[in-house]
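Peer 1:
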Amino acid sequence: MAALESHYDTMVDAVSTMKELYDSISDELVSAFESMNEEMDKSIARIEHMTSIADTFYNIIDLAGKESLGINKSLLNDIRST
Numbered sequence: 695m696a697a698l699e700s701h702y703d704t705m706v707d708a709v710s711t712m713k714e715l716y717d718s719i720s721d722e723l724v725s726a727f728e729s730m731n732e733e734m735d736k737s738i739a740r741i742e743h744m745t746s747i748a749d750t751f752y753n754i755i756d757l758a759g760k761e762s763l764g765i766n767k768s769l770l771n772d773i774r775s776t
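The numbering of the sequence shown is the numbering used here, which starts it at 695 and goes up by one.
1. Using alpha carbons as the reference points, say which of E742, L770 and H743 lies closest to N753.
2. Is the separation between the beta-carbon of A748 and that of I765 shorter than 8 Å?
3. Expressed to the nearest angstrom, what Euclidean distance is found between the alpha-carbon atoms of M695 and M734?
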C-alpha cells in the first residue's frame with residue numbers, strides 16, 4: 695500500500711510539473727505572438743504611409759501634367775512598384 699501511495703505521489707508531482715511547464719510554454723508563446731503582431735502592425739502602418747505618399751506623388755504628377763514634368767509610363771510603373 696505504501697508503494698502505491700508513493701507511485702501516486704510521484705504521478706501527482708509529475709502532473710503538477712507538466713502543468714507548470716505547459717503554463718510557462720503557453721505564456722511564452724502568447725508573448726511571442728503578441729510581439730510579432732506589434733511588429734506586423736508597425737510594418738503595415740509603414741506600408742500604408744508609404745502607399746499614401748506614393749498616391750499623393752502620383753496625384754501631383756497627374757495635376758501638374760506628365761508631359762511638362764517629363765514623366766513617362768515606365769517611370770510611373772517604377773514608382774508604383776516600389
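Note that CB positions come from ideal geometry on N, CA and C, so glycine has one too.
Peer 2: In this structure, then:
1. L770
2. no
3. 58 Å
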